[in-house]
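Here the structure comes first, spelled out in structure tokens, and everything after it is commentary.
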Amino acid sequence: MLLKPAVILSVASAAFAALPTPIAASTAKTYLSQSVLKRDGTNVVVDSSCKATSGNWVSPYDGVATTLASDLDIDHLVPLKEAWISGARDWTTAQREAFANDLTRPQLVAVTDKSVLLKAQLPMSSDIPSLQPE
């Protein structure tokens, strides 16, 4: 289990108290990102610590191809905040953790750094960035 409910820090954050948050960024990044990179890429090469270093990936948001794992970020297709607002607040903790760590549907995708930053700037009601290059 990689994510756990957040600690309530203030009255303002109480509404989001049960949103899953990483237990440790290094744990989440290591396990989830490496699993997603291996799943979403082809001809993936890993180093001695099983970290993906190269391969072939195409970012589904912007259609950009890359051979460097360092060019990619792992993104939640549905942001956790949007999931919360859309009903995840009524789920059990286990359901929220399963959603946040979903590697099978996929909820987590490997995308270019640029496209994940673009998505973060869009209102939650917007569609994800185009799947085609501009």
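For the sequence shown, the working numbering gives the first residue as 988, with consecutive numbering after it. The beta-carbon is built from N, C-alpha and C at its ideal position, and this holds for glycine as well.
Straight-line Cα distance separating S1022 from G1042: Along the sequence shown, one-based indexing puts residue 1042 at 55. Along the sequence shown, one-based indexing puts residue 1022 at 35. Spanning the two alpha carbons is a distance of roughly 13 angstroms.
Unbroken alpha helix (DSSP H) run spanning W1071, endpoints: Working through the sequence shown from its first residue, we reach residue 1071 at position 84. For W1071, the enclosing alpha helix (DSSP H) starts and ends at L1067 to I1072.
L1024 vs N1088 beta-carbon contact at 8 angstroms: Along the sequence shown, read from residue 1 onward, the residue named residue 1024 stands at position 37. Along the sequence shown, read from residue 1 onward, the residue named residue 1088 stands at position 101. Against a cut-off of 8 angstroms, the Cβ pair of N1088 and L1024 comes out as no contact.
Buried or exposed (CB count within 10 angstroms, at least 16 for buried), K1068: Counting from one through the sequence shown, the residue named residue 1068 turns up at place 81. K1068 comes out exposed.
Secondary structure, alpha helix (DSSP H): runs of 4+ residues fully inside the segment 1024-1079: 1067-1072
From D1034, R1026 and D1049, residue whose alpha carbon lies closest to that of L1104: Residue numbering aside, residue 1104 sits at position 117 when the sequence shown is read from its first letter. With respect to the C-alpha of L1104, the residue from D1034, R1026 and D1049 having the closest C-alpha is D1049.
N-terminal and C-terminal residue of the beta strand (DSSP E) that T1099 is part of: Position 112 of the sequence shown, counted from the start, is the residue given in the question as residue 1099. Looking at the DSSP string, the run of the beta strand (DSSP E) that includes T1099 is L1095 to T1099.
V1096 vs L1055 beta-carbon contact at 8 angstroms: Residue mapping note: residue 1096 aligns to position 109 of the sequence shown, counting from 1. Residue mapping note: residue 1055 aligns to position 68 of the sequence shown, counting from 1. Contact: no.
CB contact flag (D1060, W1044, <8 angstroms): Locating residue 1060 in the sequence shown gives position 73, counting from the first residue. Locating residue 1044 in the sequence shown gives position 57, counting from the first residue. Going by C-beta atoms, D1060 is not nearer than 8 angstroms to W1044.
Reduced DSSP secondary structure (H/G/I, E/B, other) of L1104: Locating residue 1104 in the sequence shown gives position 117, counting from the first residue. DSSP places L1104 in helix when its eight states are reduced to three.
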